[in-house]
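Residue numbers (the numbering used here): 984 to 1378. Ideal Cβ placement from N, Cα and C applies to all residues, glycine included. For reference, the structure is listed below as structure tokens.
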Amino acid sequence: MKVKNLYHNNPTATTFSGHILVYILMIVVLFLAQSVLDDYLLRVFNNILIFVILAVSYNLINGVTGQLSLEPNGFVAIGAYVTALMLLDSDSKLGMFQLSDPHPFVLSMYSELLPALLCSGLVAAFISILLAFPVFRVRGDYLAIVTLGFGFIIKILAINNPEWTNGAIGLNEIPNNNDTIMNSIQAFMYSIANSPNMPESIKAFMSYLYTHSFENGANITIFFWSGIIATASVILILQIVYSKFGRAMKAVRDDEDAAIAMGINTFKIKTFAFSTSAFLEGVGGGLMAVWLTTIDPKIFGFELTFQLLIIIVLGGLGSTTGAILGTILVIGGGEWLRFLDQPLVFFGTDFGSYPGLRMVFFSLILLCIMLFAREGIMGKKELWDLNPKKKFFKG
């Protein structure tokens, strides 16, 4: 893919230095967030960041390319198991596997967090390319049925191959602190905070970040990488959407037969979107495994795909910023409404508790939104399309 194609007519296009600036700002925001938010809010925001990765990647194949695929839970499961098996050392696996001895290859798997996440994405992308050959022989509802079966197959394989996955028991005590990069950042902060040659204001600021960020211990690593990877995922998806490939994806979505008549290799386009989406879903699954610290086949049922489908439909199929808004509304809103499951007291009157009221109220909100915004919150537009004169991140 040529660089000029990536940036053609792309309102999000920016220079390399612009990308570096965005990441530096993101790193500062992530560390500041850990110094001002409590553990509960950190977990909520971390969950939102992971689902942003999953939602924008799922939107690429389902919303932008228009292929009704119901496979995300399968690729998320693959990413989660690969990351977990690579982070656990051989002694932990020998003590954990109860239904069968771990396979020798499983015992040999071990790495730090980032290589594990990368492998998770690559394994998911490789399987998606193999899967593309049979599934893209059909379209529409038939494609949905075929990809729906993939998630069930992965779940059944995970249950019935205990030498690879520990069966229905799953994997637990997944570590999240074997990260050289994070340990280096911690050492860098400590050295700046204690350097005699640094101005007092910089030493105080760095000492504040170090003290308040790393005192959360295990949460720091996963929250930091969730934020960085979520940012990278959004930028990557936007660059693809506004590239030549992105325009071809939209052509396939709008009229596949017309796209074929125009000479577009629709199988190549759909496979590219499918494998890119699977790669990010595998990485997101790895982050989810580290965040939860325990996984089993039940976590990766069809409910996960259904939740992602609600997010991208609510945000607007084909809109990346809509997928982000949908994630905040569904994941963040669901947490915000938890007070409805507690005992309710209005004007001094105790109305008691109604377990499940949160989901009833949440469903009514979704129903109202879909009634008045049939194409979702954003439709196929992005946030900057609401004001065509405004260009975001313009270099």
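Along the alpha helix (DSSP H) that carries residue i, what are the first and last residues, could you check?
{"i": "G1335", "result": "First-last for G1335: 1332–1335, but that is the beta strand (DSSP E), not the alpha helix (DSSP H)."}
{"i": "V1343", "result": "1340–1355"}
{"i": "F1322", "result": "Element bounds for F1322: n/a, residue is neither H nor E."}
{"i": "G1132", "result": "1123–1143"}
{"i": "R1120", "result": "Neither: R1120 is in no alpha helix (DSSP H) and is coded neither H nor E."}
{"i": "E1054", "result": "No alpha helix (DSSP H) contains E1054, which DSSP labels as neither H nor E."}
{"i": "A1170", "result": "1163–1176"}
{"i": "D1084", "result": "Per DSSP, D1084 belongs to no alpha helix (DSSP H) and is neither H nor E."}
{"i": "V1035", "result": "1022–1042"}
{"i": "V1266", "result": "1249–1275"}
{"i": "M1361", "result": "First-last for M1361: undefined, no H or E at that position."}
{"i": "A1234", "result": "1227–1237"}
{"i": "F1080", "result": "No alpha helix (DSSP H) holds F1080; DSSP gives it neither H nor E."}
{"i": "E1286", "result": "1285–1298"}
{"i": "T1310", "result": "1303–1310"}
When the Cα atoms are used, what is the spatial distance from residue i to residue j?
{"i": "M1361", "j": "S1091", "result": "47 Å"}
{"i": "I1128", "j": "L1053", "result": "8 Å"}
{"i": "I1252", "j": "A1115", "result": "11 Å"}
{"i": "N1149", "j": "P1280", "result": "10 Å"}
{"i": "G1339", "j": "D1324", "result": "6 Å"}
{"i": "M1181", "j": "M1189", "result": "10 Å"}
{"i": "I1164", "j": "A1108", "result": "25 Å"}
{"i": "P1098", "j": "A1272", "result": "15 Å"}
{"i": "S1103", "j": "F1334", "result": "48 Å"}
{"i": "V1217", "j": "T1332", "result": "47 Å"}
{"i": "L1327", "j": "M1353", "result": "28 Å"}
{"i": "L1096", "j": "N1159", "result": "7 Å"}
{"i": "F1080", "j": "W1147", "result": "9 Å"}
{"i": "L1024", "j": "W1319", "result": "11 Å"}
{"i": "M1245", "j": "A1261", "result": "27 Å"}
{"i": "V1106", "j": "G1269", "result": "11 Å"}
{"i": "G1284", "j": "M1342", "result": "19 Å"}
{"i": "L1349", "j": "R1357", "result": "11 Å"}
{"i": "V1019", "j": "Y1337", "result": "33 Å"}
{"i": "L1275", "j": "H1086", "result": "24 Å"}
{"i": "A1066", "j": "F1088", "result": "Looking at the sequence provided, one finds Thr at residue 1066 rather than Ala. Cα to Cα, T1066 sits roughly 14 Å from F1088."}
{"i": "G1071", "j": "W1208", "result": "Here the sequence assigns Leu to residue 1071, which means Gly is not the residue at that position. Straight-line Cα distance between these residues: approximately 19 Å."}
Who are the near neighbours of residue i in its chain, counting only those whose CB is closer than 7 Å to its CB and skipping five residues on each side?
{"i": "N1166", "result": "none"}
{"i": "L1366", "result": "T1304"}
{"i": "A1306", "result": "A1038, V1039, N1042, I1294, I1295, G1298"}
{"i": "V1118", "result": "L1126, V1129, T1130"}
{"i": "S1094", "result": "M1069"}
{"i": "A1176", "result": "K1186, M1189, S1190, Y1193"}
{"i": "I1243", "result": "T1249"}
{"i": "M1172", "result": "M1189, L1192, Y1193"}
{"i": "F1344", "result": "L1320, L1323"}
{"i": "G1210", "result": "M1009, L1013, L1032"}
{"i": "L1312", "result": "L1297"}
Here's the rule I'm using: 16 or more other beta-carbon atoms within 10 Å means buried, otherwise exposed. How should residue i be labelled?
{"i": "G1378", "result": "Bear in mind that a pLDDT of 38 at G1378, under 50, signals an unreliable position, so the model cannot answer this."}
{"i": "G1049", "result": "buried"}
{"i": "G1057", "result": "buried"}
{"i": "S1184", "result": "exposed"}
{"i": "E1156", "result": "exposed"}
{"i": "I1137", "result": "buried"}
{"i": "I1007", "result": "exposed"}
{"i": "Q1017", "result": "buried"}
{"i": "C1351", "result": "exposed"}
{"i": "R1236", "result": "buried"}
{"i": "E1239", "result": "buried"}
{"i": "G1046", "result": "buried"}
{"i": "L1369", "result": "exposed"}
Return the chain-ordered list of same chain residues with a C-beta closer than 6 Å to the C-beta of residue i, the five sequence neighbours on each side being excluded.
{"i": "I1220", "result": "V1039, L1043, T1303"}
{"i": "L1131", "result": "L1053"}
{"i": "S1073", "result": "L1090"}
{"i": "F1257", "result": "I1044, S1111, A1115"}
{"i": "K987", "result": "For K987, the predicted structure reports a pLDDT of 45, less than 50, and the residue's modelled location is therefore unreliable. The matter cannot be settled from this model."}
{"i": "P1055", "result": "Y1041, E1264, T1288, L1291"}
{"i": "F1034", "result": "T1310, I1314"}
{"i": "A1141", "result": "T1148, P1280"}
{"i": "S1075", "result": "none"}
Could you check which residue in the options has the C-alpha nearest to that of residue i?
{"i": "L1051", "options": "I1314, F1283, V1027, G1301", "result": "G1301"}
{"i": "G1317", "options": "V1266, W1274, F1028, H1086", "result": "F1028"}
{"i": "D1022", "options": "G1062, Y1173, F1080, F1206", "result": "F1206"}
{"i": "T1214", "options": "F1285, G1267, W1147, K1076", "result": "G1267"}
{"i": "S1174", "options": "N1159, P1158, Y1193, D1162", "result": "Y1193"}
{"i": "F1135", "options": "G1046, A1231, T1276, V1059", "result": "V1059"}
{"i": "S1083", "options": "T1066, N1143, F1133", "result": "N1143"}
{"i": "H1002", "options": "Q1222, F1133, L1015", "result": "Q1222"}
{"i": "G1153", "options": "A1234, L1100, A1063", "result": "A1063"}
{"i": "G1359", "options": "P1179, P1145, L1071, L1308", "result": "L1308"}
{"i": "I1168", "options": "K1076, T1204, T1277, F1133", "result": "T1204"}
Could you tell me whether any non-hydrogen atom of the ligand SAH is closer than 7 Å to the CB of residue i?
{"i": "P1117", "result": "What this structure holds is no ligand at all, so the ligand SAH is not there to describe."}
Output needed for residue i: all residues of its chain with C-beta closer than 8 Å, excluding positions within five of it in sequence on either side, in chain order.
{"i": "I1061", "result": "S1103, V1106, A1107, I1110, I1137, G1265, G1268"}
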